[in-house]
Each structure stands twice: as structure tokens, then as C-alpha cells.
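Following: one structure in C-alpha cells, then a few remarks.
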Amino acid sequence: NPWDVMLCVSGTAIACENALVVAIICYSPALRTPMFVLVGSLATADLLAGLGLILNFVFQYVIRSETISLLTVGFLVASFAASVSSLLAITVDRYLSLYNALTYYSERTVTRTYIMLILTWGASICYGLLPVMGWNCLPVLGWNCLHDRAACSVVRPLTKSNVTLLSASFFLIFLIMLHLYIEICKIVCRHAHQIALQQHFLTASHYVATKKGVATLAIILGTFGASWLPFAIYCVVGDPDYPSVYTYATLLPATYNSMINPIIYAYRNQEIQRSMWVLLCGCFQTKVSFRSRSPSDV
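Numbering (this note's numbering), first residue to last: 1106 to 1403.
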């Protein structure tokens, strides 16, 4: 199936991209702040998702095993759930870094970060265990779709109720992120206006910077929505009798989100760029001037 080959190639690219991010964050002691811990969580989730896509291809075409294939599906569900949840955690962190700017760099922030990580990965693992523990439509290992076609979904071996739960969770996360990014835009515009008032005039640079920040937030949220919304909607309204090409056509763009994440959240950051330069080239001095960035930088 060429679609499965494309998913495998996508998984390989995802794994390579995010493995580099994880290596950079683990290699650099300076990248142990709450912001980079959350970015590392996102990269780890996307790395596992990429490996899951590769394993799914292997166990589908090379080593045929229904049981192992089901475990791989659960692994993929947990990985992508952790990826989406990590995006929410990063959004919450960015919002709090602006809303509580004076108290952000405190021990409370570190504690809150690890609580978010525990909740993120705990919930994701639970989502991944659901099909493995029997909430699936395999004849032997779960509900038999041959006798109850209504229980099946467009994503075998997941059931209709299972993908509905996953889609509902995604819609909730998307709405929370949308609300938080709107609040971030309000805070950014308010801060820019206050700075302009203190300087007694509104310069063109303030307007351009504010407009650029809002545009960046729109690109971030738009990319996330464009990647996942079609698949989430199709999981709810789709029928298992529909051609499988519809499932592949919506699933493949969803995987691209894990390919874009390291570019948006990691490689654009100048501290990660510097650490990557040191890690890959061994050059401790560069002609490029780097500055420290806060989690509110977008």
C-alpha cells in the first residue's frame, strides 16, 4: 500500500528530526529550564510517534502479528496523545510566562511544569492502553466487528466509541489552546500599547512587532488545526465502509504536525540553535550573536 509507505517515510523523517532535538536538550545543561523541559516532552512524544509509524509498517508487512500490531496501535495512540497534550502544556506555559511575568522564574513554576508532565504522560498512556486492554474491534482480542459493524471505526482496530473519545479530547484541547492564544494576543497588544504610552508615542516598530507576534501565533495554531482537525472530524463522521483512502488522506497530514513541531518550537529558538551548532560542529565560538529568549517569545 503506497499510503503505508508514505506513513513509514513520514515516521522516519519525524523520528530523525525529533531525535536531534531530544539529543540537544539532553546534551546541553543550559536547556533544563521549564520551557525546554516541555519542548523536550513534545520532541520525545513526536520521536516515539515516528518510531511507532515505522514499527506499524514493519509489523504489518514484514513480521505479521495481530497481537503485536495491536500493541503498536496502542503505542501510536499514546505517542500522538502525548504530542497533542505537550502542545497544550507549552501553550499554558507561554500564557503563564506573560500573565505572571514577575513570578514565572520561581520554584513554583518548576513544580507546575512537572505536574503538567505527569498529567500529560499519565493521560496519554491511559489512552494508549484502552485498545490494548480490549477496547478494540479485533475478533479475538476485543469486540468482534463481524457481528457488530456499528462498533467499528474508520481506524481499525479502534472502535467508534474509542476514536470518538480521542476526537472529543482533541476538540477540547484545541478550544483551550485557541482561548489561551487569544489571551496571549491580548496581553502582547496591551504590553505594546503600555510601552508606547511610556515613550509618549506609538512607533511603527511597536506596531510591526505586535503584528508579527500575532501572525506567528496564528501560524502556530493554524498549523496545528490544519493538521489534526480533518482527521478528528472524519473519525467522528466517517463510516467503516468508506474507502480507506479517506482515512489515509486525513491521517497523513496529522502526522506532518509532528514533523513541523520541532521547526516551530525548537529549531527557531536561538539557544537550541547554538547548542545544535556546538553538538554537530564542535564549534564553541561562532560569529552569530545569540541572545537568551524567554518562553513568551513566539
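In this text, a Cβ means the ideal position worked out from N, Cα and C, and glycines have one as well.
Predicted model only: the values in this text are computed from it and were never measured.
By DSSP's assignment, residue 1131 forms no beta bridge with any residue. Put simply, the segment 1270-1281 does not touch the segment 1203-1219. Fewer than three CB pairs are less than 8 Å apart.
Shown here for residue 1182: same chain residues with a beta carbon closer than 6 Å to its own, the five before and five after excluded, namely 1232, 1233 in chain order. Distance between residue 1179 and residue 1369, taken at the CA atoms: about 27 Å. Assignment of beta-bridge partners to residue 1257 by DSSP yields 1264. Per DSSP, the continuous alpha helix (DSSP H) segment holding residue 1366 begins and ends at 1349-1367. Counting only runs of 4+ residues, the alpha helix (DSSP H) found wholly inside the segment 1155-1233 occupies 1171-1204, in chain order. Of the residues assessed, residue 1360 falls on the buried side of the cut-off, its CB having 16 or more other CB atoms within 10 angstroms. Counting other Cβ atoms within 10 Å of its Cβ, residue 1167 stays below 16 and is therefore classed as exposed. The three-state secondary structure of residue 1379, taken from DSSP, is helix. In the three-state DSSP reduction, residue 1123 falls in the helix class (H, G or I). Within a 10 Å sphere around the beta-carbon of residue 1367 sit 16 or more other beta-carbons, which makes this residue buried. Taking residue 1235 as the centre and dropping the five residues before and after it, the same chain places the C-beta of 1267 closer than 7 Å to its C-beta, in chain order. Taking the Cα of residue 1358 as reference, the smallest distance to any Cα among 1115, 1186, 1106 is reached at 1115. Between residue 1192 and residue 1147, the CB-CB gap stays under 9 Å. Nearest to residue 1292 by alpha-carbon distance, out of 1202, 1156, 1187, is 1202. Measuring C-alpha to C-alpha distances from residue 1204 to each of 1128, 1187, 1348, 1290 identifies 1290 as the nearest. Looking at the backbone, the Cα of residue 1352 and that of residue 1376 are separated by about 39 Å.
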